[in-house]
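Before any comments, here is the structure.
Numbering (our numbering), first residue to last: 968 to 1116.
In structure tokens form, the structure reads like this:
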């Protein structure tokens, strides 16, 4: 499965030094099942991979996260600092800490601004190319393209 907001909040709480039960409560799990949910989330491969990415990130890449129940996107807080939307999208898809699904969506949103869409040939261009091909050889060849006899 993907890295959900609950898993992300659990991983951030674990990174800030909380034990499994406290981290699960902060992630939004009920207190009755928090210890079981914390043990389950601690073994989750997505949470383990996210914690590993957080540890490998450089200090410039790490965003200061505040652990709150059911956190929202922290990159919205940094959006006010960037005037250009393209710069914001670049900062999201180059951020090693963000989950991969969000990075892919940001890259897809920025793609039309970086690489233009290649259009198909129109009718006029097709006729022009056919006329140029016809003048290169055969009965209707121009003087420059005819073979010397």
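Glycine included, each C-beta is placed from N, C-alpha and C at the ideal position.
Shortest Cα-Cα distance from residue 1015 to any of 1050, 992, 979 involves 979. Boundaries cannot be given for residue 1083, as no alpha helix (DSSP H) includes it and DSSP labels it neither H nor E. Annotated three-state conformation of residue 1104 is coil, per DSSP. With respect to the 8 Å criterion, residue 1056 and residue 1086 are not classified as neighbours on the basis of their beta carbons. Under the DSSP assignment, residue 1022 falls in the alpha helix (DSSP H) whose first and last residues are 1012-1023. Between residue 1004 and residue 976 a beta carbon distance of about 12 Å is seen, past the 8 Å cut, so the two are scored as non-contacting.
Under a 10 Å Cβ-count criterion, residue 998 is classified as exposed, with fewer than 16 other Cβ atoms of the shown protein chains found around its own Cβ. In summary, residue 1010 is exposed, with fewer than 16 beta-carbon neighbours lying within 10 Å of its beta-carbon over all protein chains present.
Selection 1021, 1069, 1099, 1083 evaluated against residue 971 yields 1069 as nearest (Cα-Cα). The distance from the Cβ of residue 1071 to that of residue 1021 is about 19 Å, inconsistent with a contact at the 8 Å cut-off. Taking a 10 Å sphere around the C-beta of residue 1060, we find 16 or more other C-beta atoms and assign the residue as buried. Taking C-beta separations shorter than 7 Å and ignoring five residues to either side along the sequence, the partners of residue 1024 in its chain run 1063, 1064, following chain order.
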